[in-house]
Amino acid sequence: MIRKNGDAIKEADAIGWTPLHYAALKGNLEATKLLLEKPDVSASYMLDKSGMSALHVAAFAGHKEVMEELIRRHPDICDLVNHKGQTALHIAVLAGQETLVKYILKEPNLGGIIHEKDQDGNTALHLAAINQDYKIMKLLAADGRLDNTAFNRQLLKAADIFHSCKLEEQGICHVTTKLSKLLGKSTGVQSFQRGVNFHFWRSETWEREASNDTPQSQMPTLAVNITAKKEKPQVKAEEQPLQRRDTRLLIATLILGISFAAAITVPGGTRPDGRPVLQGKPAYSVDLVCNWFSFMVSALTI
Numbered sequence: 001m002i003r004k005n006g007d008a009i010k011e012a013d014a015i016g017w018t019p020l021h022y023a024a025l026k027g028n029l030e031a032t033k034l035l036l037e038k039p040d041v042s043a044s045y046m047l048d049k050s051g052m053s054a055l056h057v058a059a060f061a062g063h064k065e066v067m068e069e070l071i072r073r074h075p076d077i078c079d080l081v082n083h084k085g086q087t088a089l090h091i092a093v094l095a096g097q098e099t100l101v102k103y104i105l106k107e108p109n110l111g112g113i114i115h116e117k118d119q120d121g122n123t124a125l126h127l128a129a130i131n132q133d134y135k136i137m138k139l140l141a142a143d144g145r146l147d148n149t150a151f152n153r154q155l156l157k158a159a160d161i162f163h164s165c166k167l168e169e170q171g172i173c174h175v176t177t178k179l180s181k182l183l184g185k186s187t188g189v190q191s192f193q194r195g196v197n198f199h200f201w202r203s204e205t206w207e208r209e210a211s212n213d214t215p216q217s218q219m220p221t222l223a224v225n226i227t228a229k230k231e232k233p234q235v236k237a238e239e240q241p242l243q244r245r246d247t248r249l250l251i252a253t254l255i256l257g258i259s260f261a262a263a264i265t266v267p268g269g270t271r272p273d274g275r276p277v278l279q280g281k282p283a284y285s286v287d288l289v290c291n292w293f294s295f296m297v298s299a300l301t302i
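Residue 108 in the UniProt record's numbering sits at position 108 of the sequence shown; the count goes up by one each step and never skips.
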């Protein structure tokens, strides 16, 4: 059929898929080779309505041989991205295709897409962290070419996403030590926010446990007395210093986060050349000194 009608390889269906897309989805290597033999190479670069190329589809489906054939015939096909700005590596990570990720990291022609970010600023490592796919995260983080400290549009590193997993439910993130070392420490405003969230989580947990331990016979009836004062919970003497310390640490963490945010936000904005608009004015200098002092004192306290 292809010999009689060569243009058939470029005909797309309702979702924009060509015969090459379906060959990539099924992993049909023979059909892929046959379709790539046509002199008109434009079919290899055709995108569907989501911007997905045949290479994206092969990466999603986990068909390494089809990817190899596509790249061998057209090395520049690796540069294609979908409507979200995602490369074949992004798609392989989203699909959890560990074998394909290994192949992409080892393939010389695909070295240029390792650092690519999508429209949300996410690298492949960010997406692996979002999916909590720790095997793929280890592969990517251990690759020396990948920038583990890259930020996405939400100013989050992969480490920020990784260390904050299930924080609201657990308070801590149960992960392997090796992966934590590969990703590095989580820094910036998000890490301060997690510290604050942890303190609130611990406080709420303590209150829930205290209420659950109270026998039903001792629970007061719901008769409303708006003039009655709420009794304060009795705190043991040995627990008071710990609670005071936690309160001070929480306040210091809040001040540190606010100071950091203020430091990266220049008051009054900046000129086109990057210099602050209020530079040289006394109020601007006072603001910098006060912010620096607050940041240092809070950091030392923590």
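Where is the CB? At the ideal position from N, CA and C, for every residue including glycine.
### Message
Closest to residue 162 by C-alpha separation, out of 143, 144, 145, 136, would be which residue?
### Response
Numbered from 1 along the sequence shown, position 162 holds the residue referred to as residue 162. Measuring from the Cα of residue 162, the nearest candidate turns out to be 136.
### Message
Can you check which of these residues, 112, 118, 124, 290, is closest to residue 258 by C-alpha distance?
### Response
Residue mapping note: residue 258 aligns to position 258 of the sequence shown, counting from 1. That would be 290, whose Cα lies nearest to the Cα of residue 258.
### Query
Is it true that the CB of residue 120 sits closer than 7 Å to the CB of residue 152?
Along the sequence shown, read from residue 1 onward, the residue named residue 152 stands at position 152. Along the sequence shown, read from residue 1 onward, the residue named residue 120 stands at position 120. In this structure, residue 120 lies closer than 7 Å to residue 152 by Cβ.
### Task
Have a look at residue 87 and residue 278 and give me their C-alpha separation to the nearest angstrom.
Taking the sequence shown and counting its residues from 1, one reaches residue 87 at position 87. Taking the sequence shown and counting its residues from 1, one reaches residue 278 at position 278. Their Cα atoms are separated by approximately 43 Å.
### Query
In whole angstroms, what separates the C-alpha of residue 48 from that of residue 67?
The residue given as residue 48 occupies position 48 in the sequence shown. The residue given as residue 67 occupies position 67 in the sequence shown. Taking the straight line from one Cα to the other gives about 17 Å.
### Query
How is the alpha helix (DSSP H) around residue 67 delimited, first residue to last?
Position 67 of the sequence shown holds residue 67. Unbroken alpha helix (DSSP H) run through residue 67: 64-73.
### Query
DSSP three-state call for residue 140: helix, strand or coil?
Along the sequence shown, read from residue 1 onward, the residue named residue 140 stands at position 140. Note: residue 140 maps to helix in three-state DSSP.
### Task
Please go through the same chain and pick out, in chain order, the residues whose beta-carbon is closer than 6 Å to the beta-carbon of residue 24, but skip the five residues on each side of it.
Your numbering for residue 24 matches position 24 in the sequence shown. Within the same chain, residue 24 has close Cβ partners 54, 57, 58, 66.
### Task
Would you mind giving the Cβ-Cβ distance between residue 114 and residue 105, rounded to the nearest angstrom? I have them listed as a contact below 8 Å.
Translated into the one-based positions of the sequence shown, residue 114 becomes position 114. Translated into the one-based positions of the sequence shown, residue 105 becomes position 105. Correct: roughly 7 Å between the Cβ atoms.
### Message
Determine whether the beta carbon atoms of residue 96 and residue 118 lie at a separation below 7 Å.
### Response
Locating residue 96 in the sequence shown gives position 96, counting from the first residue. Locating residue 118 in the sequence shown gives position 118, counting from the first residue. Cβ atoms of residue 96 and residue 118: not closer than 7 Å.
### Task
Take the Cβ of residue 101 as the centre, count every other Cβ of all protein chains shown within 10 Å, and call the residue buried at 16 or more, exposed below.
As a first step, residue 101 is located in the sequence shown; it is residue number 101 there, counting from the start. Buried: at least 16 other Cβ atoms inside 10 Å.
### Message
By alpha-carbon positions, which one of 164, 132, 127, 134 ends up nearest to residue 150?
### Response
Sequence index remark: in the sequence shown, residue 150 carries index 150 (1-based). Ranking 164, 132, 127, 134 by Cα distance to residue 150 puts 127 first.
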